[in-house]
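> Quick mapping for you: the protein sequence lines, in order, are chains Y and V. Per our numbering, residue 56 is the first one in the first sequence, and the count goes up by one each step. Per our numbering, residue 56 is the first one in the second sequence, and the count goes up by one each step.
2 protein chains.
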Amino acid sequence: MDIAHRTTDQQKSAEQRRRELLEAADRVVLRDGPKASMNAIAAEAGITKPILYRHFGDKGGLYRALATRHTDALLASLRAALDAPADRRRRVESTLDTYLASIEAMPQVYRFLMHPAEETHQAEQGFDVGRHSAPLLRRMGEELGQVIAERVDLGPAAEAQARIWGHGIVGMMHAAGDWWLGERPCSRAELVRALADLLWGRLAEADDRADGPGF
Amino acid sequence: MDIAHRTTDQQKSAEQRRRELLEAADRVVLRDGPKASMNAIAAEAGITKPILYRHFGDKGGLYRALATRHTDALLASLRAALDAPADRRRRVESTLDTYLASIEAMPQVYRFLMHPAEETHQAEQGFDVGRHSAPLLRRMGEELGQVIAERVDLGPAAEAQARIWGHGIVGMMHAAGDWWLGERPCSRAELVRALADLLWGRLAEADDRADGPGF
DNA sequence: ACTGGGTGTTACCGCAAGTAACGTACTGCT
DNA sequence: AGCAGTACGTTACTTGCGGTAACACCCAGT
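1. Cβ of V:Val207 less than 8 Å from any chain Y Cβ?
2. Using the Cβ count rule (16 or more neighbours within 10 Å means buried), how would you classify V:Gly226?
3. Any contact between the region 252-262 of chain V and the region 247-265 of chain Y? By contact I mean 3 or more CB pairs, one from each, below 8 Å.
4. According to DSSP, is V:Asp113 helix, strand or coil?
5. Determine the chain Y residues that contact V:Asp127 at a beta-carbon separation under 9 Å, and present them in chain order.
6. Once the 5 residues before and after Y:Ala204 are set aside, which same chain residues still bring their CB inside 7 Å of it?
7. Give a yes or no on whether the minimum CB-CB distance between V:Asp16 and chain Y is below 8 Å.
8. What are the boundary residues of the alpha helix (DSSP H) that V:Pro162 is part of?
9. Could you give the first and the last residue of the continuous alpha helix (DSSP H) run that contains Y:Asp233?
10. Could you give the distance in angstroms between the alpha-carbon of Y:Ser149 and the alpha-carbon of V:Met195?
11. With DSSP collapsed to three states, give me the class of Y:Asp152.
12. Which class does V:Asp142 belong to by DSSP, given the choice of helix, strand or coil?
13. Apart from the five residues on each side of it in sequence, which residues of its chain come closer than 6 Å, Cβ to Cβ, to Y:Ala95?
14. When you compare only the Cα positions, how much space is there between V:Ala251 and Y:Ile224?
15. Alpha carbons only, please: which of V:Arg243, V:Glu198, V:Pro240 is nearest the one belonging to V:Arg134?
16. Which residues, in chain order, does the region 236-264 of chain V contribute to contact with chain Y at a C-beta distance below 8 Å?
17. Taking Y:His125 and Y:Leu168 to be in contact with their CB atoms under 8 Å, please state how far apart those CB atoms are, rounded to whole angstroms.
18. Starting from V:Ile219, find everything on chain Y with Cβ-Cβ shorter than 7 Å and list it in chain order.
19. For V:Met227, go through chain Y and note every residue whose CB falls closer than 8 Å to its CB, in chain order.
20. Is there a Cβ from chain Y that is less than 8 Å from the Cβ of V:Gln216?
21. Nearest-angstrom Cα distance between V:Glu99 and Y:Ala98?
22. Using only CA atoms, which one of V:Trp235, V:Lys90, V:Ala122, V:Glu70 lies nearest to Y:Trp220?
23. What is the rounded straight-line gap between the Cα of V:Ser132 and the Cα of V:Gly112?
24. Between which two residues does the alpha helix (DSSP H) carrying V:Ala98 extend?
25. With burial defined as no fewer than 16 other Cβ atoms inside 10 Å of the residue's Cβ, what is the status of V:Arg74: buried or exposed?
26. Y:Leu258 lies in the alpha helix (DSSP H); which residues open and close that run?
27. Given that V:Leu192 touches chain Y, what residues does it touch there, using C-beta distances under 9 Å?
28. Do V:Arg239 and V:Ala156 have their C-beta atoms within less than 8 Å of each other?
29. From V:Arg264 to Y:Thr153, what distance separates their C-alpha atoms?
30. Tell whether a beta-carbon distance below 8 Å holds between V:Gly88 and V:Arg144.
31. Please report how far the alpha carbon of V:Arg146 lies from the alpha carbon of V:Ala160, in whole angstroms.
32. Is it buried or exposed for Y:Arg193, if we count other Cβ within 10 angstroms and need 16 for buried?
33. Would you call V:Ala79 buried or exposed, if buried means 16 or more other Cβ atoms sit within 10 Å of its Cβ?
34. At a CB-CB cut-off below 7 Å, which residues of chain V make contact with Y:Gly116?
35. Can you list the residues of chain V that Y:Gly196 reaches, using a CB-CB cut of under 7 Å?
36. If I measure Cβ to Cβ from Y:Leu107 and keep anything under 7 Å in the same chain, skipping five residues before and after, which residues do I get?
So, in structure tokens, the structure goes:
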């Protein structure tokens, strides 16, 4: 039917338009940070506000679309490092390094992904705490948990354990990376090595200090 | 001098007032989340906006004051667990459990601390990335790093290593806790155990799965 | 009595999110 | 040709919040 054709055509051009809008939004957000106003984004795209709202609903929708784009990209490169054919230690180090290199190369993107302006929406008065934290961390945690569950032989309760570890390791990587990016206390390689050592149980192996405090 | 007396009296009552205001703000923020408006907080305190601004400068100042209060409280209880006279594994588990119990008991406080509304201020166009992430995490990371440096005998470059580990472990705890608080996939004790196991190197020890993907 | 610094108020500004109402061009149907 | 629908686009508005200016009161000390 022609109607079907028309709608598909329109959908296609709508998607095209959406992509253009997202790219404009990207430029503005990367330039101005998350405080970028809808007006500014619309201006950058050469249009006016209501069109943005027609496409993305509200500011949260636009930001979610943007975040998804970048998140997908980052996750793809992480997956590559994670799936490389190498021993586990090397895979871990390579994944850590990939992540750190990414946030080092695009700090503005990183900042946007990790600290997207809070949803100012009403509703959800209840106990949905935590639902607002950066979705990127959640996705990375779940993904890593799956990889661990697939590749590592944990005993019973393996899946629960794997998911916990996935989120934990991602959190470790994130917090250490965030701090490192701010203070730059050491090289990337040193950071990678220290984190991998931590995961490799060196905290458990190390002795107490002889000159400990008191006892 | 009387003038001195007066000023001290006034300072004291000013501090008193400040505390009252903070408590009112606390109630509102815990009820409405970080979207609580200055008007609402002022109303809860029985006064009007400009007074809040006289005391705290701007919204960021108020939120910083609030956050400092809660952060201090949480850090104190963590320090207790961290400094208990027990072996390392037990201390780690007890610290994890203390943290998780806290965020479980006061999810609203937790949410406020971890996702304080972004500074909408201009300025700081530069590369101060990461400076905005929840200061609680930074403080916890630094503190833990110090404890590790004091108590654990790492080789050379011990301090750098300890700080990295401090931030990494705190991040692990935070991310896992955030996820756990949202989905409640297991009991607190199980989570504590799994995380401690992770830190104890069980990821390195475990074998590859026999039925791995492909190879 | 008057001045100074504290407390408090009302009324306003600027700005950003989001919406309503309206106009326009293209496309298919009759 | 003419009509209806629909997406594209605009201007102009409302609402709500952060923040401030201007003014009023009270109460010490000179």
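Even glycine gets a Cβ: it sits at the ideal position worked out from N, Cα and C. In this text, all values refer to a predicted model and were calculated from it rather than measured experimentally.
Put simply:
1. yes
2. buried
3. yes
4. coil
5. Correct list: empty, because the minimum Cβ distance to chain Y is about 20 Å.
6. Ala213, Glu214, Ala217
7. Residue 16 of chain V is absent from the model: chain V starts at 56 and stops at 270.
8. 162-169
9. 213-238
10. 27 Å
11. helix
12. coil
13. Val83
14. 12 Å
15. V:Glu198
16. Leu236, Gly237, Pro240, Cys241, Glu245, Leu246, Ala249, Leu250, Asp252, Leu253, Leu254, Trp255, Gly256, Arg257, Leu258, Ala259, Glu260, Ala261, Asp262, Asp263, Arg264
17. 6 Å
18. Ala231, Leu246, Ala249, Leu250
19. Gly223, Ile224, Gly226, Met227, Ala230
20. yes
21. 40 Å
22. V:Trp235
23. 30 Å
24. 93-99
25. exposed
26. 257-260
27. Ala230, Asp233, Trp234
28. no
29. 25 Å
30. no
31. 21 Å
32. buried
33. buried
34. What Y:Gly116 touches in chain V: nothing, since even the nearest Cβ is about 18 Å away.
35. Ala230, Trp234
36. Leu76, Met93, Ile96, Ala97, Leu117
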